[in-house]
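In this note's numbering, the protein residues as written are 707 to 940. Note that CB positions come from ideal geometry on N, CA and C, so glycine has one too. Contents: one structure, followed by commentary.
If you want it as structure tokens, here you go:
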């Protein structure tokens, strides 16, 4: 995902202003005072302007004659932008996770069924490689990377470019799920359930692929719910 974390002072300013916009510290349709930002963040006007250009590309702000830079209404934001999703998680994590999970339940089972009908040998090879990574994973980071690789491969097997772009939703959900579940819930071995989905895609069984993809999503959210309960009991 294209984020700005760790990219020097420019990235820090994008992150700072972006978080404030998404969390409502700047009111919708309100004007952003560049002079105040420059003084508060102790950066040049150029850095502030460049950061706002990035945020304008995400639909968060707009520059208008005689009004300067203003905050766009939330309805105009690019809510599927990776950075916007990340900032949303910081302000309303559980609500955002629930919404993204609902989106996944709408498109991933259908994508799995489509992949079963369209997959190529190359697609199967990528799914198998992802499953091998999952089997070999020894750290949470390696497991998360393998999981994402597998789900990306399912989307790629559909041959639908728009569905492939939905990987941003999957990546965001997996990252937040792993943050919540890690060290709280002892996860089951993920390989058998993913292998079951791979077998359905390999067999070109669309209905089985749909059912097994939905089962994976249900299990993922059950782990999050259980982790949230355990954290609440601590």
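The three-state reading of DSSP puts residue 775 in strand, counting E and B together. DSSP, reduced to helix, strand and coil, places residue 749 outside both helices and strands of the structure shown, so it counts as coil. Only residues of its own chain outside the window of five on either side were considered, and among them 753, 756 and 757 have a CB closer than 7 Å to the CB of residue 716, listed in chain order.
For residue 737, the three-state secondary structure derived from DSSP is strand.
The stretch 757–772 and the stretch 719–734 touch, with no fewer than 3 CB-CB distances between them shorter than 8 Å. Contact between the stretch 910–924 and the stretch 810–819 is present: three or more C-beta pairs spanning the two stretches fall below 8 Å. In the structure shown, residue 770 falls within a strand segment according to DSSP collapsed to helix, strand and coil. As the crow flies, the alpha-carbon of residue 788 is around 6 Å from that of residue 874. Within the same chain, Cβ atoms closer than 7 Å to the Cβ of residue 734 are found at 777, 779 and 780, the five residues on either side in sequence being excluded. For the pair residue 825 and residue 863, the CB atoms are nearer than the 8 Å cut-off.
Check the Cα spacing between residue 772 and each of 743, 745, 760 and 739: the tightest is with 739.
Secondary structure note for residue 781: it is in no alpha helix (DSSP H), with a DSSP letter that is neither H nor E. The three-state secondary structure of residue 856, taken from DSSP, is helix. With distances taken between CA atoms, residue 730 lies nearest to 793 out of 747, 793 and 843.
Our two residues, residue 840 and residue 714, have alpha carbons roughly 33 Å apart in a direct line. For the pair residue 844 and residue 835, the Cα-to-Cα distance works out to about 16 Å.
In the DSSP assignment, residue 911 falls outside any alpha helix (DSSP H) and carries neither an H nor an E. If you ignore the 5 residues before and after residue 927, its C-beta comes within less than 7 Å of the C-beta of 807, all in its own chain and listed in chain order.
Less than 8 Å separates the beta-carbon of residue 915 from that of residue 821.
Excluding residues up to 5 positions away in sequence, 859 lie with their Cβ nearer than 6 Å to the Cβ of residue 832 in the same chain.
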